[in-house]
Each structure stands twice: as C-alpha cells, then as structure tokens.
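Okay, structure first, notes after.
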Amino acid sequence: SNGDSPPTVSMAELDHLVQIISKSHLETCQYLREELQQMSWQNFLQDEVERYQSKPREVMWQLCAVKITEAIQYVVEFAKRIDGFMDLCQNDQIVLLKAGSLEVVFVRMCRVFDSQNNTVYFDGKFAGPDVFKALGCDDLITSVFDFAKSMCSLHLTEDELALFSAFVLLSADRSWLQEKLQVEKLQQKIQLALQHVLQKNQREDGVLNKLRCKVSALRSLCSRHTEKLSAFRAIYPDIVRTHFPPLYKELFGA
Amino acid sequence: KEKHKILHQLLQNSTSPVDL
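Put into structure tokens, the structure is as follows:
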C-alpha cells in the first residue's frame, strides 16, 4: 500500500488479527465480566458519597490520577500485545500511547458502566457523577458519563470493543509520528478486521459510522482532561509534582 | 528518553502489573 489504498489482507489474516487483538484485550482488560458480576453492581451509600464530596480537591484529584494510571498500565500492556505495535519505532510507540491511552481507558469504561443507574465502577463500588464533585470538573465528568452511556448503547461484544480500542490506539494522524505510513497500514488492517467482525456479528451498517463519531468525541474528552489538569496544576503545582503518579505526569506533561 | 522513562520501562518489561 502507498497509504492511499487499503492493504490487501486475506480473510485468514483478518481472522488471525481478530483472535490476537481479542485475546490481548481479554488478558489486559483489568476486570473480567465474571468479576464484575461478582461485584454485584453495588452502589455507594449516601454517606459514602458525601465522604468523597467532602475530600479536599487535591486529595480527590490525586485519587483519580492513581485510578487512571492503574487503568493506563493495562492499556500499555494491551498495546504491547497488538500484532505489529512493538515493531514500530520507540518514538511512535510513545507517541501513540501518550495520545491514545486515556482514550482507550474511556472506551473500556463502558465495560464497568451501569447505564440504568448512570454509575461507574470506582474505588470498590459503583459511583454516580456526584461522587466526583470535589474535583471541580462537573462539566467534564458529565461528558465522560454521557460518553460511557452512548458507548454502552452500542452493545459492543468483547471482540468489537477490542478491535475498536486497537483502532483508536493505532491512530495514524497523531502528531510527531516518525513512521506514519507504517502506523497507517496497521490501522487500516485493524479497521478491516473490525469491519469483518461487525459483518460476522450481523451488526447493522450504521455501527461503524457511529464508532467513527466516537473518535472525535474521545479527542474532545482528552483535550478537556488536559485543560482541567493544567488549571489544577496552576493552583497546586507542588501536589502534582510530589503526589501524582510519575506515569501520569509523563503521559499528560504535568 | 529521560522524559518518558517509565513508559520506556513498561514497554521493555516482559513482566508487567498485568502479569503480576
């Protein structure tokens, strides 16, 4: 491929890619469906919610930074197991993870999201948006919850979710890529594998377009997270420097 | 490299938090 036309891939190759990426996803998804069921979708009680709400802003920010960082470590492991990712140059591996790891965390969030109650698994139980009030980012939190809800409404299978996560991570239009063409080829193959799975699962034609729309929503969520972090850091530079996880600081330039 | 020390480590490690 010269980058303009999709690469030629055999059905067997697509099936293999689906298998590898689905396996990588299941091995690194942090919580298995069975584990989630055992958590019995238990919600925080009102006094527990209030305890989170009365935490100092910087304490709640630190807690969320820790939880995001834990989730990102699993995404890094997912990336490493995607066929072709480790063959990219180190610069591009770093560029893709810096730009895409939080996006994949947001994609994966639909697995731990209860649409009916508008709650997400956090710190041991299911939490509504009000739990995160102390962060002082109500608008961002509402958008993250809305995004998770809209992802849930697509009812993606684990295979579909795995391939969409890989597609998001291998975005060839990220700034500072050195071997853009190689990333592009890999992303095109993943897109073909995603289309293949959607067809095999007899999903309606519109699902792929709906997923494409999610890509821009994810970028918006991540740039808003960066803005909120900058605003927080301007007020609490020492907290970020001394109390935030080093990986979080590396990824988000804190 | 220094700027992304931990990411480099995670990428190079064969054992990871996931395996542990």
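The listed protein sequences derive, respectively, from chains S and Y. Here my numbering is used: the first residue of the first sequence is 24, the next is one more, and so on. Here my numbering is used: the first residue of the second sequence is 397, the next is one more, and so on. All C-beta atoms, glycine included, are put in the ideal place defined by N, C-alpha and C. These numbers were taken from a predicted model, which means no experiment stands behind them.
Could you tell me the distance, in whole angstroms, from the CA atom of Ala167/S to the CA atom of Leu252/S?
Within the first sequence, numbered from 1, the residue matching residue 167/S stands at position 144. Within the first sequence, numbered from 1, the residue matching residue 252/S stands at position 229. Note on residue identity: the sequence assigns Val, not Ala, to residue 167/S. Approximately 15 angstroms, taken between the alpha carbons.
Quick one: Cα of Phe170/S to Cα of Ala240/S, how far?
Translated into positions along the first sequence, residue 170/S becomes position 147. Translated into positions along the first sequence, residue 240/S becomes position 217. Taking the straight line from one Cα to the other gives about 8 angstroms.
Tell me which same chain residues have a C-beta within less than 8 angstroms of the C-beta of Ile262/S, skipping the five on either side of it?
On the first sequence, position 239 is the one that residue 262/S refers to. Excluding sequence neighbours, Ile262/S sits near Glu81, Trp84, Gln85.
With a threshold of 9 angstroms between beta carbons, is Pro269/S in contact with chain Y?
Along the first sequence, read from residue 1 onward, the residue named residue 269/S stands at position 246. By this cut-off, Pro269/S is an interface position.
Residue range of the unbroken beta strand (DSSP E) whose run includes Phe145/S
To locate residue 145/S, count along the first sequence from 1; it is residue 122. Note, Phe145/S: beta strand (DSSP E), 142-145.
Buried or exposed for Gly147/S, please, with buried defined as at least 16 other CB atoms from any protein chain shown within 10 angstroms of its CB.
Against the first sequence, residue 147/S aligns to sequence position 124. Result: exposed.
Since Ala150/S sits in a beta bridge, which residues does DSSP pair it with?
As a position in the first sequence, residue 150/S is number 127, starting the count at 1. Note: Ala150/S sits in a beta bridge opposite Val143/S.
Please tell me whether Arg197/S and Leu270/S are closer than 9 angstroms, where the distance is taken between their beta carbons.
Numbered from 1 along the first sequence, position 174 holds the residue referred to as residue 197/S. Numbered from 1 along the first sequence, position 247 holds the residue referred to as residue 270/S. No, they are not a contact pair.
Looking at the unbroken alpha helix (DSSP H) that takes in Phe67/S, where does it start and where does it end?
The sequence position of residue 67/S within the first sequence is 44, counting from 1. From DSSP, Phe67/S is part of no alpha helix (DSSP H); its letter is neither H nor E.
With 16 as the cutoff for other CB atoms within 10 Å, does Gly123/S come out buried or exposed?
Stepping through the first sequence from its first residue, residue 123/S is reached at position 100. Buried.
Is it the case that the Cβ atoms of Arg134/S and Leu59/S are separated by a distance below 9 angstroms?
As a position in the first sequence, residue 134/S is number 111, starting the count at 1. As a position in the first sequence, residue 59/S is number 36, starting the count at 1. Contact: yes.
Inspect the CB distances between the stretch 143-158 of chain S and the stretch 207-225 of chain S and report whether three or more fall short of 8 angstroms.
no
Name, going along the chain, the residues of the stretch 90-121 of chain S whose beta-carbon falls closer than 9 angstroms to a beta-carbon of chain Y.
Glu93, Gln96, Tyr97, Val99, Glu100, Phe101, Ala102, Lys103, Met109, Gln113, Gln116, Ile117, Leu120, Lys121
Name the chain Y residues whose beta carbon is nearer than 9 angstroms to that of Glu273/S?
For this step, residue 273/S is matched to residue 250 along the first sequence. Residues of chain Y passing the Cβ test: Lys399, His400, Lys401, Ile402, Leu403.
For the putative contact between Leu111/S and Val206/S, defined by C-beta atoms under 8 angstroms, what is the C-beta separation to the nearest angstrom?
As a position in the first sequence, residue 111/S is number 88, starting the count at 1. As a position in the first sequence, residue 206/S is number 183, starting the count at 1. Going by Cβ atoms, the distance from Leu111/S to Val206/S rounds to 7 angstroms, so yes, they are a contact pair.
Report the rounded CA-to-CA distance for Asp415/Y versus Tyr97/S, giving the unit in angstroms.
For the purposes of this step, residue 415/Y is taken as residue 19 along the second sequence, with counting starting at 1. For the purposes of this step, residue 97/S is taken as residue 74 along the first sequence, with counting starting at 1. Here Asp415/Y scores only 47 on pLDDT, less than 50, and its place in the model is too uncertain to base an answer on.
Taking the alpha carbon of Pro306/S as the point to measure from, which residue in Ala35/S, Ile43/S, Tyr75/S has its own alpha carbon closest?
There is no way to answer for residue 306/S, as the model of chain S reaches only from 24 to 277.
Taking a contact to mean a Cβ-Cβ separation below 9 angstroms, would you say Cys245/S touches Phe108/S in this structure?
One-based indexing of the first sequence puts residue 245/S at position 222. One-based indexing of the first sequence puts residue 108/S at position 85. No, the Cβ-Cβ distance between Cys245/S and Phe108/S is not below 9 angstroms.
Which partner residues does Phe136/S have in the DSSP bridge list?
Numbered from 1 along the first sequence, position 113 holds the residue referred to as residue 136/S. Paired residue(s): Val143/S.
Is it right to say Ser24/S is buried, meaning 16 or more other beta carbons lie within 10 angstroms of its own, or is it exposed?
Here residue 24/S is taken as the residue at index 1 of the first sequence, counted from 1. Annotation note: pLDDT 44 at Ser24/S (below 50); position unreliable, coordinate value reported separately. Classification of Ser24/S: exposed, given that the 10 Å Cβ count is below 16.
DSSP three-state assignment for Gly276/S, whether helix, strand or coil
As a working mapping, residue 276/S is identified with position 253 in the first sequence. Coil at Gly276/S, not helix or strand.
Consult DSSP for Asp415/Y and reduce its assignment to one of helix, strand or coil.
For the purposes of this step, residue 415/Y is taken as the residue at position 19 of the second sequence. Residue placement at Asp415/Y is flagged as unreliable, the pLDDT there being 47, under the threshold of 50; the coordinate-derived value follows with that caveat. Note: Asp415/Y maps to coil in three-state DSSP.
Alpha carbon to alpha carbon, how far is Cys236/S from Met174/S?
In the first sequence, residue 236/S corresponds to position 213, counting from 1. In the first sequence, residue 174/S corresponds to position 151, counting from 1. For Cys236/S and Met174/S, the distance between alpha carbons rounds to 11 angstroms.
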